[in-house]
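Below: the structure, in structure tokens.
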């Protein structure tokens, strides 16, 4: 598995367009991980927040993060499909 | 006079060299060796430049926060790149771009001075004892093949390999040349003893290094000449002192186009090397004794002068660093006194970070552009505050926004246009000029375009502030409390947006700052809807006149536009730790329709 991954990386290095796509995928997966962490943090904050107005504000932020994650996951899966072709 | 001298200098050098080549084929071989060696250095620098994209800045931030880290960074960089000159130029470029401070810069350069001594060890210990040209050939072949590859990293590795190949080949030719030379001429006949000899050979070392702009090249020449007994040991040491002093020329040349901190760093390097040079010249005899003792301890033969020279070179630089580190703050004070700071006000509208030195590497150029953009943004915030009849110093205070706006209910005349011309216009022009000087390859063009867009948005929003200000001055002090309230509400909205943006800009915990802007876009969208509702209500209640309503409608739109542009500035200015993540954040950021969808979900 590791050799396969290494070969894929080497191949991508030799092909400029593929390298760019691979970098995009790498960037997206990093950002998605961060967004997941942010989502969990916001969920925790909502639970502990007693002020209704503030809670509504955090809920709104959570919805945005959720939409961003959804969009990111879609973009990443499109890229991965392209890569496997 | 200077120009005439410059015009005749190059032809004179050519004629002297040509005569030398005609008279002595051995001299030709040595000179060719030096030329190939220097060409190798150029290729090596080219190779390392390919790896400066993004990673360099990240490494720098983490590796210069402590003095020992700065020293180690300089040491490692110079050891790996085998060029303290390249490290000096990079450091000055970083300093000019504001990536590091003066003390950190000094740490790196001092570390690099020690790092560069590894070169002498390599040449003396390995280069002379092994048939070095055997390594050069495959390196050149592999290197050149890789240079033809499209991928930037492979291309960079190619240049590094070819560079090392040329370095080895150059050393080989110098060695061959000197070996053949000893059958015809004995340079040791010109050896000089005593302090006069030390002074003369130190000067020769300085001049040779200034001409070749590489202490490495001088050292290779010294070591190879020493290995075939064409130089006396004592004269070789004096030449090494000269090489160490002369190498500061690269930093001086690099700093000519840099800002004040860059010049200070170069001066510190010169002071450091000259001081160490004088001490070593005066104390040469006792230091030779120290070198002998160290050589005995590490098991060197008494006549192994080339490795003893490496020991001497190392002592020179390590001793210099040990003496200088405790005096670092004093050294900073001295160079700051010699090159004083300009009065901040006198260059308020001249670029602080955009200089030719920052242009040296794309990374530093982009960072310089970001820092300059940050300056423009801060100036723009002051203009916005004054345009809204608020106090720029209080905008980010702890006071509640509503109270802040209420406390400033008197209209204050302020010429937004004039402030734009005095504070922003020339900086904006300088940014555009600077961008145009950079190579526009695809990886950089994206970043440069964002910086351009950020600045453009600042200019647009200031125009909107000017339009908004016209009625705002008229209505915030109005007798009609309703209309005054509405205009105060517009001021409140902009101030709140500025505060939220400021929080995002300086939130170290936020890992996705570009995406954090989407929450602001949602608030803006929500408020756009509310404006219409408020307006209708006010007209229905006859609280404001139709003219007032029209003005308010128009100014509400200006307010929305200002906030939109403020988001735009920050969306283009902010970045993640790595470029790939910044690009990914831009891809994931929600567009207008997607914000609408989130807002729709909320209202359902």
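Residue numbers (our numbering), protein chains in the order written: chain A, 1 to 85; chain B, 1 to 604. Beta carbons: idealized from backbone N, C-alpha and C, even for Gly.
Anticipated Cβ contact below 8 Å, residue i with residue j, distance rounded
i	j	result
residue 572/B	residue 454/B	4 Å
residue 244/B	residue 316/B	6 Å
residue 19/A	residue 151/B	6 Å
residue 341/B	residue 260/B	6 Å
residue 449/B	residue 366/B	Not really, about 11 Å apart at Cβ, beyond 8 Å.
CB contact below 8 Å: residue i versus chain B
i	result
residue 38/A	yes
residue 77/A	no
residue 46/A	no
residue 5/A	no
residue 43/A	no
residue 26/A	yes
residue 67/A	yes
residue 82/A	no
residue 17/A	no
residue 61/A	yes
8 Å Cβ cutoff, residue i in contact with chain A
i	result
residue 50/B	no
residue 604/B	Only weak support is given to the placement of residue 604/B: the predicted model assigns it a pLDDT of 45, under 50, and the value that follows is read from those uncertain coordinates. No, because no Cβ of chain A sits closer than 8 Å to the Cβ of residue 604/B.
residue 512/B	yes
residue 345/B	Low confidence applies to residue 345/B: its pLDDT is 47, below 50, so where it sits in the model is not reliable, and the reading given next is rough at best. So no, residue 345/B is outside the interface.
residue 497/B	no
residue 502/B	no
residue 282/B	no
residue 43/B	no
residue 515/B	yes
residue 319/B	no
residue 518/B	yes
residue 583/B	yes
residue 587/B	yes
residue 580/B	yes
residue 680/B	Nothing about residue 680/B can be reported from this structure: the residues present for chain B run from 1 to 604 only.
residue 594/B	yes
residue 310/B	no
residue 522/B	yes
Option nearest residue i by Cα separation, candidates the options
i	options	result
residue 378/B	337/B, 487/B and 498/B	498/B
residue 28/A	46/A, 56/A, 39/A and 77/A	77/A
residue 562/B	551/B, 552/B, 457/B and 229/B	457/B
residue 109/B	96/B, 78/B, 138/B and 120/B	78/B
residue 329/B	268/B, 351/B, 34/B and 174/B	268/B
residue 356/B	413/B, 375/B, 271/B and 257/B	257/B
residue 405/B	34/B, 492/B and 452/B	492/B
residue 83/A	55/A, 25/A, 3/A and 7/A	25/A
residue 417/B	468/B, 400/B and 436/B	468/B
residue 381/B	494/B, 587/B, 359/B and 437/B	494/B
residue 271/B	504/B, 470/B, 106/B and 543/B	106/B
residue 383/B	459/B, 341/B and 312/B	459/B
residue 582/B	446/B, 233/B and 465/B	446/B
residue 544/B	414/B, 475/B, 564/B and 94/B	475/B
residue 463/B	558/B, 532/B and 376/B	558/B
residue 74/A	600/B, 599/B and 588/B	588/B
residue 88/B	16/B, 200/B, 191/B and 254/B	254/B
Per-residue contacts from residue i into chain C (C-beta, under 9 Å)
i	result
residue 598/B	Among the protein chains in the structure shown, which are A and B, there is no chain C.
Give a yes or no on contact between the segment 200–218 of chain B and the segment 232–244 of chain B, applying the rule of three or more CB pairs nearer than 8 Å.
yes
Answer yes if the segment 280–295 of chain B comes into contact with the segment 228–241 of chain B, meaning at least three C-beta pairs across the two stretches below 8 Å, and no otherwise.
yes
Continuous alpha helix (DSSP H) assignments of at least 4 residues falling wholly in the segment 194–247 of chain B:
194–212, 215–227 and 233–246
Using a Cβ distance threshold of 8 Å, determine whether the segment 106–122 of chain B contacts the segment 314–330 of chain B, with at least three qualifying pairs required.
yes
Meets three-Cβ-pair contact criterion under 8 Å: the segment 246–259 of chain B and the segment 210–226 of chain B:
yes
Pair every Cβ in the segment 428–441 of chain B with every Cβ in the segment 546–554 of chain B, then say whether three or more of these pairs are closer than 8 Å.
no
The segment 138–146 of chain B in contact with the segment 154–164 of chain B per 3-pair CB rule at 8 Å
yes
Considering only residues of the segment 240–306 of chain B, which uninterrupted alpha helix (DSSP H) runs meet the minimum length of 4 residues and lie entirely inside it, listed in chain order?
248–255, 260–282 and 284–297
With a floor of 4 residues, list each alpha helix (DSSP H) that falls wholly inside the segment 364–420 of chain B, ordered by position along the chain.
401–407 and 416–419
What are the start and end residues of each continuous alpha helix (DSSP H) run of 4 or more residues lying completely inside the segment 432–493 of chain B, in chain order?
442–475
Can you check the segment 30–107 of chain B for any alpha helix (DSSP H) of at least 4 residues that lies completely inside it and give the ranges in chain order?
55–63, 67–81 and 84–96
If you pair each beta-carbon of the segment 580–598 of chain B with each one of the segment 59–68 of chain A, do three or more pairs fall below 8 Å?
yes
Stretch-stretch touch, CB-based, cutoff 8 Å, three pairs: the segment 169–176 of chain B with the segment 22–36 of chain B:
yes
Would you check if there are 3 or more beta carbon pairs closer than 8 Å linking the segment 218–227 of chain B to the segment 291–301 of chain B?
no
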